[in-house]
Amino acid sequence: VCDVVEQRDLPALYANSDLGLFPNRCEGGTNLVLMEYMACGRPVIASHATGHRDIVHAGNALLLESLPEQPVKDGTGRVVAHWPEPDLDELIARIEHAYHHREALAPLAEEGVRTLQPLSWERTAREALRLIGEV
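Numbering (this note's numbering) for the sequence shown: -16 to 118.
Have a look at this one:
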């Protein structure tokens, strides 16, 4: 258990890590923590599924692409959806690759910064207003 981390402390926290791991099954939107981490110039391993696809690609992240679908059941046992399930062996292989090829991570991290640089809350708000205006 750790204390609450203030938003202003996150860049320093990210800077003190070597690699961000985002083997998420499902993102309802774009993963904000993933985006913050990449914007701080840190390399990531991320599942190439759902909301992550909005941001990550082979040029800015080590991708988890072995994602067999797993059924999601409700309380009665009825299948209501399918989620991509990241493969643990692939995740371990990507971590080992990152450890043994650290020099290859810098270009990915730099491209991650370039990917995120044009994004801002102001731009997001303008785009949302534009889309609402089209309705």
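Idealized CB from N, CA, C, for every residue including glycine. For clarity, every value in this text was computed on a predicted model and none was experimentally measured.
* Please look up how many angstroms separate the CB atoms of leucine 50 and alanine 29, rounded, as I've assumed it's under 8 Å. => Your numbering for residue 50 matches position 67 in the sequence shown. Your numbering for residue 29 matches position 46 in the sequence shown. That belief does not hold up - the Cβ atoms of leucine 50 and alanine 29 are roughly 11 Å apart, past 8 Å.
* State yes or no: is the C-beta of leucine 45 within less than 8 Å of the C-beta of arginine 77? => Numbered from 1 along the sequence shown, position 62 holds the residue referred to as residue 45. Numbered from 1 along the sequence shown, position 94 holds the residue referred to as residue 77. Yes. Within cutoff.
* Hey, is the segment -16 to 1 in contact with the segment 52 to 71, meaning 3+ C-beta pairs nearer than 8 Å? -> By the C-beta criterion, the segment -16 to 1 is judged not to be in contact with the segment 52 to 71, since fewer than 3 inter-stretch pairs fall below 8 Å.
* **When Val62, Met18, Leu114 are compared against glycine 95, the one with the closest alpha-carbon** => Here residue 95 refers to the residue found at position 112 of the sequence shown. The candidate whose alpha carbon is nearest that of glycine 95 is Met18.
* Do you know how far the Cα of glutamate 117 is from the Cα of glycine 24? -> Working through the sequence shown from its first residue, we reach residue 24 at position 41. Working through the sequence shown from its first residue, we reach residue 117 at position 134. Going by C-alpha positions, glycine 24 is about 36 Å away from glutamate 117.
* With a threshold of 16 other CB atoms inside 10 Å of the CB of proline 26, please say whether the residue is buried or exposed. => Within the sequence shown, numbered from 1, the residue matching residue 26 stands at position 43. Buried is the call here.
* Boundaries of the alpha helix (DSSP H) in which histidine 40 is found, first to last residue -> Working through the sequence shown from its first residue, we reach residue 40 at position 57. Looking at the DSSP string, histidine 40 is not in any alpha helix (DSSP H), and its letter there is neither H nor E.
* Asked: Along the chain, where does the alpha helix (DSSP H) that runs through proline 69 open and close?
  -> The residue you call residue 69 lines up with position 86 of the sequence shown. Unbroken run through proline 69: none, as it is neither H nor E.
* Asked: Less than 7 Å between the CB of valine 63 and some heavy atom of the ligand NAD, yes or no?
  -> Absence of the ligand NAD from the depicted structure is noted, as is the absence of any ligand whatsoever, leaving it without description.
* Within 10 angstroms of the Cβ of tyrosine 82, are there 16 or more other Cβ atoms? Answer buried if so, exposed if not. => On the sequence shown, position 99 is the one that residue 82 refers to. Note on tyrosine 82: under 16 other CB atoms within 10 angstroms of its CB, so exposed under the neighbour-count rule.
* Asked: Mapping DSSP to helix, strand and coil, what is valine 118?
  -> Position 135 of the sequence shown, counted from the start, is the residue given in the question as residue 118. Shown here, valine 118 sits in coil according to DSSP, grouped into three states, outside any helix or strand.
* Asked: Are leucine 47 and proline -6 close, meaning C-beta to C-beta below 8 Å?
  -> Stepping through the sequence shown from its first residue, residue 47 is reached at position 64. Stepping through the sequence shown from its first residue, residue -6 is reached at position 11. Not a contact, by the Cβ cut-off of 8 Å.
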